[in-house]
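Read in order, the letters of the sequence shown are residues 20 to 298 in this note's numbering.
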Amino acid sequence: MIRKLLFTVGCWLLTIGASAQDDDFGLNFEIGAEKKLAKGLKLGLEGNVRTQDNTRRIDRYGLGLDLSYKFFSSADKRWDAKVSGGFEYLWIQSLSTSEDKYYDETDDLYPDWKVGDVKGYNVLDRYWRNRQRYSVGLNVGFTPNKRWSFSLKETFQYSHYNSVDSIGELKVRRRYNDDGDEIMRQTQDYESKSSKHKTVLRSRLEAKYDIPLCKFDPYASVEYAAGLNYSTTKWKYTVGTDYKLSKTKKLSVFYRYNHEDDDDEPNGHLVGFSFNIDF
């Protein structure tokens, strides 16, 4: 039954992803470690690399740490709750973009040009921009039996975007030369991005199943994020599985479909691999 359920959910997510023609595809690689400091208190470290542009370019490098504390566990072990706080430093690459430019009332118009016509375009070079991310979260877990577990996590996230200078920008415009012929003239310019910050509230619901006499633990989750100081919505649909190598080591693989109405991250498909160890 669980195999049929995961297969159905996976096909449904693939159908959603295939319906968007402009979706990207990337790979995500993570390595993490977790150390128990005291009863209920754990420290985690993580590093990751992600690709974009159908894996042709690096999307980001990231380093992070988090601290979590389980402050409640029911007598029958079915319910638990924990709080967490984390920090990430990200090196993120934005791909080259092209933007059409149009004539308006302030432009000098030749007789055969009019307001609203395309006068050229700007091409912004790809560039790197660093980001710091801080988060605090509350996770509530429910384990009705030895096989199933469910969790709901609410996370408040603050991101600071560093400023960046000297981004190359090629400007191409329609012009007439001295002979009266229409040409496209190119000029090189530079643009800068000022620092900014964004706050988001993330809600994630996850279900996990422990297959009897098997090292695989499949899971599925859906996450919704809403911007608090700017207008955006983000959805993440994930299916994956953990594979127990030992009591302290595991491998994970997942498929995720991202959709958002913001330009911070590309929409589309992501396949991830991770290795985690507990000390």
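In this text, a Cβ means the ideal position worked out from N, Cα and C, and glycines have one as well.
Asp184 and Glu210 have their C-alpha atoms some 7 Å from each other. Under the three-state reduction of DSSP output, Gly105 falls in the strand class. Within the region 102–144, the runs of beta strand (DSSP E) that reach at least 3 residues and sit entirely inside it are, in chain order, 116–121 and 137–143. With respect to Arg145, Gln176 sits apart: the two C-beta atoms are not nearer than 9 Å.
Runs of beta strand (DSSP E) with 3 or more residues, each lying fully within the region 192–266, are found at 201–212, 215–228, 235–246 and 252–263, listed in chain order.
Per DSSP, the unbroken beta strand (DSSP E) holding Phe169 starts and ends at Trp167 to Tyr180. Under DSSP, Ala57 forms a beta bridge with Leu60.
The straight-line gap separating the alpha-carbon atoms of Val219 and Ser154 is approximately 9 Å. The criterion of a C-beta distance shorter than 9 Å is satisfied by Tyr256 and Tyr276. For Ser185, no pairing in a beta bridge is given by DSSP. The secondary-structure analysis by DSSP pairs Ser92 across a beta bridge with Asp99. By the C-beta density criterion, Leu232 is exposed, having fewer than 16 other C-beta atoms within 10 angstroms. In this structure, Gly135 sits away from Lys120, with a CB-CB distance that is not shorter than 9 Å. Counting along the chain, Asn158 sits inside the beta strand (DSSP E) bounded by residues Tyr146 to Phe161. Look at Phe298 here: in three-state DSSP terms it is coil, with no helix or strand label.
Around the CB of Val258, 16 or more other CB atoms lie within 10 Å, so the residue is classed as buried. Going by beta carbons, Tyr122 and Val142 fall outside the 9 Å limit. Cβ neighbours of Asp208 within its own chain (closer than 7 Å, five residues either side excluded): Glu188 and Lys190.
Excluding residues up to 5 positions away in sequence, Gly81, Gly83 and Arg152 lie with their Cβ nearer than 6 Å to the Cβ of Glu107 in the same chain. In the DSSP annotation of this structure, the continuous segment of the beta strand (DSSP E) that includes Asn277 starts and ends at Lys268 to Glu279. Three or more Cβ pairs closer than 8 Å define a contact, and the region 280–295 meets that threshold against the region 39–53.
With respect to the C-alpha of Leu224, the residue from Trp132, Val159, Ile230 and Lys266 having the closest C-alpha is Val159. For the 9 Å CB-CB criterion, Gly63 and Ser87 form a contact. Each residue's CA atom was taken as its position, placing Leu157 and Trp147 some 32 Å apart.
With contacts defined as CB atoms closer than 9 Å, Phe91 and Asp99 qualify as a contacting pair.
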